Amino acid sequence: MRQLNGQIGFLLGNRRGGYLSLSGRPASRYLGFFVRKNNKMLRVLENIEPDHYDVMKVVQKFWCVERQCQGTTMFRERYFPVQDTDAFVYESDAVQWLSLHFDVKESYDSRQYGRSYEVTEEDGALLVHFTKKTDPREDASSDVQEFSLWCAVAAKAPSEFK
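In structure tokens, the structure reads:
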């Protein structure tokens, strides 16, 4: 085992060209959850952040990554990709507030306008519909749809890690 200081991060890939890469705090445009769509790399999430925490330890396992975190209490979280899909699973052994920082865009696109999110709830899951349209403040055209995507977030009770 190697002792690391500073930002501790991880990278998990799927078989579709997407990946999940997180550290204690976002420090790069390449951190987050990325998927490939129509031969373009899209960032969906910038960060997944439990409320008031510090990452104390990261353990890379064969099929997942576990992070030990210190918040108001000590807790563990686990991330693993769902192979052959554009999805991943997040598990925690504690009930806690969790912030999902959506930032849907092509990985090299720094435009800020023309991005809209619609959040609805259906059967206990949050559905996020994102649409990117052109905007005259940054583009030669106006209101032309470039792409859209859906993201589903479902939660259940905390899991017991074995």
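Read left to right, the sequence shown gives residues 204 to 365 (the working numbering). Yeah, the Cβ is synthetic: ideal placement off N, Cα and C, and Gly gets one too. Predicted, not measured: the structure shown is a model, and the values here were computed from it.
Mind reading off the beta-carbon distance from residue i to residue j? Whole number of angstroms is fine, and I expect it under 8 angstroms.
i, j, result
"phenylalanine 291", "leucine 214", "Rounded, the Cβ-Cβ distance is 12 angstroms, inconsistent with contact."
"aspartate 346", "threonine 337", "7 angstroms"
"phenylalanine 236", "methionine 244", "About 11 angstroms; that fails the 8 angstroms criterion."
"arginine 246", "serine 310", "6 angstroms"
How should residue i be labelled, buried or exposed, when 16 other C-beta atoms within 10 angstroms of its C-beta is the threshold for buried?
i, result
"aspartate 287", "exposed"
"asparagine 241", "exposed"
"proline 371", "Outside the displayed range of the chain (204 to 365) lies residue 371, so it cannot be described from this structure."
"glutamate 280", "buried"
"valine 298", "exposed"
"glycine 221", "buried"
"valine 307", "buried"
"aspartate 289", "buried"
Keeping to the same chain, check which residues put their C-beta closer than 6 angstroms to that of residue i; ignore five residues upstream and five downstream.
i, result
"asparagine 250", "Pro229 and His304"
"glutamate 321", "His332"
"proline 284", "Leu215, Asn217 and Phe291"
"arginine 318", "Lys335"
"tryptophan 353", "His332"
Is the beta carbon of residue i sitting closer than 7 angstroms to the one on residue j?
i, j, result
"serine 226", "glutamine 210", "yes"
"cysteine 267", "tyrosine 256", "no"
"arginine 219", "arginine 239", "yes"
"serine 295", "glutamate 252", "no"
"alanine 355", "leucine 330", "yes"
So with Cβ pairs under 7 angstroms, would you call residue i a contact of chain B?
i, result
"valine 247", "The chain labelled as chain B is not found in the depicted structure, where only one protein chain is given."
I'd like the list of long-range same chain contacts for residue i, defined as Cβ closer than 7 angstroms, with 5 residues on each side in sequence excluded.
i, result
"tyrosine 316", "Asp338, Arg340 and Glu341"
**Q.** Complete runs of the beta strand (DSSP E) confined to the region 219-259 [at least 3 residues]
**A.** 222-225, 235-240 and 243-253
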